[in-house]
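Report on the following structure.
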Amino acid sequence: MRERTLLAYEFDGELLEEDYGGPVRRFRSCLCNYKSLKRVLEIEWMDHYVFGF
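Take the sequence shown: its letter number 50 is residue 622 in this note's numbering, and every next letter is one higher.
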């Protein structure tokens, strides 16, 4: 993930509901937010770069 990426799991003290991108929502500051991922279901850490989405 880039430096300007934020992972949020709660808002205003409440866990994010699925309708709002829960359980974890990714926010990224860039010009192409219309392509932005809304919901994160799994994170896999790797020691190498993988091309694609």
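Where a beta carbon is used, it is the ideal one built from N, C-alpha and C, also for glycine.
| Query | Result |
| --- | --- |
| Three-state class that DSSP yields for Glu586 in the structure shown | strand |
| Option nearest Phe599 by Cα separation, candidates Tyr581, Phe623, Met618, Gly624 | Tyr581 |
| Distance, Gly624 Cα to Arg597 Cα | 20 Å |
| Cβ-Cβ separation, Leu579 to Val612 (assumed contact under 8 Å), whole Å | 7 Å |
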